[in-house]
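Just below is one structure, and these are the notes that go with it.
In my numbering, the protein residues as written are 11 to 932.
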C-alpha cells in the first residue's frame, strides 16, 4: 500500500485492521506505525480516534503490546492535547492499574506519566501513584517514581502534597540507595511554592552533610542546583556550597559534578556576587588536574560573556589578568597541541579581548604565534582533537571579524599555512575554512598568484576532493575581493576528476561571481547527466553562466548593449530549461523566480538605454512648449524622452517591488541570501530615484538617496561587516546615491535636460550591470525546510462544489500544521500564522433580483491571527454568502516569525461553494 498517496481515513482503517488481528506480528506492526500517522496527519479528530483504539488495545492486550503503545505515547507527546475524549482515553489505560501483574502496573504508571500533560490534576491517579511508591516490587516502584516526577512537573498541587512522603522515604535506612537517588527527581519541581522550596533545600543540605556515598552526594548537588536555578532563590549560597565541595572534597566524581552544576548556574551571571567570582578565580591556581581546570575556565568563559560582569569594574580585569590570563597565555605558548585546555583558553582570551582593549594586542600576538607553530600538527593529532581545533578556529574568526587590525595580523599567518607544502592536509583545509569565514581581510595579489599556481597543478598533488573544494573556494573569494579574473588553466585538468567535484566547483564559482570558469565546467557536465532533470538543471546553469560572462569586459556602450540583448536571450533559454527540469518533489520555486527577476533586470536596463537614445534621435517637437504649459510640467518641453524615462523609472520601481515580494516569500532563506535580495531591491529603488531626480520635477525627496543610512551615507559604520560577495554592490549603491545627491538633484540643475545627465545615467547603469552576479546559496540548496499544510472543511463530496443555503452563514473550518524537515537547522521559527479568507462570486442566479442588489456581491475578506501549539493550529470563519450563485473561497496562510516579521510563504487553498435558496425549491 502506497502510504504517500492515501488519505488519513484509509490509513487509519488499515491500521485498525492490524490492531484487531489475531496475529501478534500484525498487531505490533500496526502499533509502531501510529507515530508516523500522527506526524503526517496531526488533526484532532484523527488523533482522538486513533488514541482511543490504542487505549483499548492497552487495556486488553499483552504486556508487549502495552510496551509498544507506551513508546508510541512517548514519541507522540506533542499531540496529546488534541485528544478530545480524554476521560474515556484515561479510563481505559487506568483500568490496568487494578491488574495483579506488577509489570503491567509498571507499564501503566509509565504511560500515565507520559500523558501527565493532559491528566495532571486527576486525584485518582495521584492517589494510585502515591500508594505504588510503597510497592515491594522493584519494577513497579521505579515506574511509580518516574510517574511521580512527571506529575510533580505538571501539577503544583501534587508536588506540594508528595514531597513530605518523598523526604520520609529518603530518610529511611531501609530504602535502597538507588531508590533514594531516583526519588530526588521528584523533588526537582518543589519550586512552585517558596516555603516548600526552602524546606526541601534545608532537608537536602542535611542529607548532604550526613551522606558518604559519591553518587548520592552528586545527585543531591544536582537537585539543589535545579531547585535554585528554577526558583532563582539562594543562587549565591548554592554557588558557595558547590565551590566548597569542589575545593575540599577529594573525590573526582564529586568535583566534576560540582563543576557541572556551576556551569548550569553560570547562565544566570547577573546574580553572581563578586565573592563568588573571586572564589572561582582562586580555583585556577589551586587546581592541578586538567579536567578540573577545563571546567573552571569554561565557567569563566560563560561569566565573561555577560556584559554586566566587567562593566566599570577595573579590579575584575586585574583579577582575571593576574590569576587566569597569564595561565592561558602560558598554556597556549607551551606548544602542546594535544592540550585539552587550548580551546577554552582561546575562548576566554577572545571574550576578554572583545570587551577590553587592554589585552587585545597580547592576545593577537599569542594567536599569531600559535598559527605559526601549528605547521607541525599532523593528521593523526588533528583527527583525535578535531572538535578542539574547530573551536580554536571559531575563536580566530570571532576575533578577526571584530577587529580589522587583528585580522590583518592573523590572516597573514594563516595564508602562510595554506601555501606551505609540509602542513597537514586536514589542518590546511581547516585553515581555508577559517580564512573564508573572516570578513575583514587585507588583499594580497601575491597570495592569489600562489593559489593559481597551486590549483593549476592540483592533479599532481595528493589533495582529496574536500581539501580541493576549500582551496578553490578561498581562491574564488580572494579573486572576488581583488576583482581579478580567474585563471582557466585548472579547467583542463578536471577530466580525471568526478562529476560531483566539478558541480561543487561550479556552485562555488557562481556564488562568488566567476561565471566564465563555471560556463566551461558546465559544458563538461552536460553530456554526463544521469537523468533528464539533472541535464536541464546543468543546461540552465550553463546558459546563465554564459549570459553573465558576456557582461564582463565590454569595450564600449554599443558592445555592451549588444551583449545585454544576447544575455537576455540566454536567460530566456535558461528559464525554459528550468521549467523543463521542475518535478513535484523539487519545484525549484526560488530558482525560477530569481532567474526571472535577473532577466527582467537586464531587460529594464536595455529599455533605459533605448530611452536615452531618444535624446539624440527624437528632439522635442515644436508644440512641446505649449504642451508643457498646458500640463504645467516644464520638463515636457524636452520631448518624448521625458515620458519614456518616466516609464523606465516605473519599471525599476516595479522590479524593486518584485524583489520585495520575492524577499517576503523566502521564509526558508539563509540570512546572506536575504541580504542579497535586499541589496538587489535597494539598487533598483536607487536607480528609479536617480531617474526621477532628472525627469520628475514635482517628486518628493528620495527615500534612500537623501537619507542617512549605512548603505548610502558618507559616514563609516564599523559595525557593519560586509561579506565579499556583497561588498561591490554596496559600494556601487553608495556611489550612485552620492552622485544623485551631488550631480542629478533637480533643485541644483537647470530646468533643461542636458547630455551630462544622460551620460551620468548611462554610466550608473553600466556600473550596476558590471557587478558580477554572486548567486546566493538558496539558489542551490536550502538550509531550512519549513512549510505549512492546510486542511479545509467542509470538503465537496460528489460535486465539485459545496451546496449551502442563502439564509444561513457558511461555516468554514481551517486546520493547519507547521511541517519542519527532520535533520534541518531552523534559521527562523514560526511564531504565529495569519489566516486570510476571501470570497469572490463567480456567477449569479439571473432570476433573483432581490439578492443581486446585496452590497456583499463584491466579496468579503476576513483575517485571523493564530498561534500554533505543538505545530498545530485551527480557526473557524462565518461567511455571509447572501447572493445566490457560485462562489470561490480562497484561504491563504502567511507566517509571522519570532521577530514579528511577516512572510508570505504560506499555501493558498481554494474551494467552490454554491449558494441556493431552499425555500424557493420547496
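Cβ coordinates follow ideal geometry from the N, Cα and C atoms, glycine included.
From the options, residue whose alpha carbon lies closest to that of residue i
i: residue 484; options: 159, 735, 208; result: 735
i: residue 172; options: 143, 441, 77, 247; result: 143
i: residue 26; options: 50, 46, 67; result: 67
i: residue 435; options: 386, 797, 618, 153; result: 386
i: residue 249; options: 127, 231, 165; result: 231
i: residue 609; options: 669, 592, 157; result: 669
i: residue 308; options: 276, 835, 286; result: 276
i: residue 241; options: 203, 224, 218; result: 203
i: residue 228; options: 153, 206, 266; result: 266
i: residue 737; options: 271, 523, 201, 101; result: 523
i: residue 473; options: 216, 437, 559; result: 437
i: residue 934; options: 167, 170, 405; result: With the chain covering 11 to 932 only, the question about residue 934 has no answer from this structure.
i: residue 220; options: 180, 252, 205; result: 180
i: residue 145; options: 911, 112, 254; result: 112
C-beta contact flag for residue i and residue j at 8 Å
i: residue 195; j: residue 214; result: no
i: residue 470; j: residue 772; result: no
i: residue 822; j: residue 883; result: no
i: residue 935; j: residue 531; result: The question about residue 935 has no answer here: the residues shown for the chain are numbered 11 through 932.
i: residue 80; j: residue 121; result: yes
i: residue 419; j: residue 378; result: yes
i: residue 765; j: residue 794; result: no
i: residue 293; j: residue 256; result: yes
i: residue 824; j: residue 904; result: no
i: residue 237; j: residue 201; result: yes
i: residue 807; j: residue 826; result: no
i: residue 69; j: residue 103; result: yes
With 16 other Cβ atoms within 10 Å as the buried cut-off, status of residue i
i: residue 569; result: exposed
i: residue 913; result: buried
i: residue 34; result: exposed
i: residue 897; result: buried
i: residue 510; result: exposed
i: residue 371; result: exposed
i: residue 789; result: buried
i: residue 430; result: exposed
i: residue 749; result: buried
i: residue 870; result: exposed
i: residue 82; result: buried
i: residue 597; result: exposed
i: residue 95; result: exposed
i: residue 21; result: buried
i: residue 680; result: buried
Same chain, Cβ closer than 6 Å to residue i, neighbours up to 5 away in sequence not counted
i: residue 283; result: 246
i: residue 785; result: 520, 521
i: residue 915; result: 675, 677, 905
i: residue 574; result: 612, 616
Below-8 Å beta-carbon distance, residue i vs any chain B residue
i: residue 694; result: No chain B appears in the structure shown, which is made up of a single protein chain.
Cβ shell of residue i (< 7 Å), same chain only, five flanking positions each side left out
i: residue 439; result: 476, 477, 480
i: residue 617; result: 658, 661
i: residue 467; result: none
i: residue 1006; result: Given a span of 11 to 932 for the chain in the structure shown, any question on residue 1006 remains unanswerable.
i: residue 63; result: 26, 29
i: residue 864; result: For residue 864, the predicted structure reports a pLDDT of 49, less than 50, and the residue's modelled location is therefore unreliable. A value from the coordinates is still provided. Here the set comprises 892, 893.
Proximal residues to residue i (C-beta, below 8 Å), its chain only, five neighbours per side dropped
i: residue 443; result: 403, 480
i: residue 126; result: 157, 160, 161, 163, 164, 165
i: residue 187; result: 223, 225, 226
i: residue 859; result: For residue 859, the pLDDT reaches just 49, beneath the cut-off of 50, and the residue's location in the model is therefore unreliable, although a value from the coordinates is still provided. Excluding residues within five positions, none has a Cβ falling inside 8 Å.
i: residue 393; result: 436
i: residue 376; result: 339, 342, 343, 359
i: residue 114; result: 73, 76, 106
i: residue 829; result: 796, 797, 798, 799, 881
i: residue 775; result: 615, 618, 619, 697
Give a yes or no on contact between the segment 352-362 and the segment 333-340, applying the rule of three or more CB pairs nearer than 8 Å.
When Cβ pairs closer than 8 Å are counted between the two stretches, the segment 352-362 is seen to touch the segment 333-340, the count reaching three or more.
Is the number of C-beta pairs between the segment 540-547 and the segment 798-810 that are closer than 8 Å three or more?
Not touching, per the Cβ criterion.
Quick check: the segment 667-686 against the segment 577-596, are there 3 or more CB pairs under 8 Å?
The segment 667-686 vs the segment 577-596: no contact.
Inspect the CB distances between the segment 145-162 and the segment 190-204 and report whether three or more fall short of 8 Å.
Yes, they touch.
Given 8 Å, three or more beta-carbon pairs between the segment 806-815 and the segment 687-699:
With a cut-off of 8 Å, the segment 687-699 and the segment 806-815 do not count as touching, because too few Cβ pairs lie within range.
Do the segment 741-749 and the segment 456-464 touch if we need at least three Cβ pairs shorter than 8 Å?
Inter-segment contact for the segment 741-749 and the segment 456-464 is absent: fewer than three beta-carbon pairs are separated by less than 8 Å.
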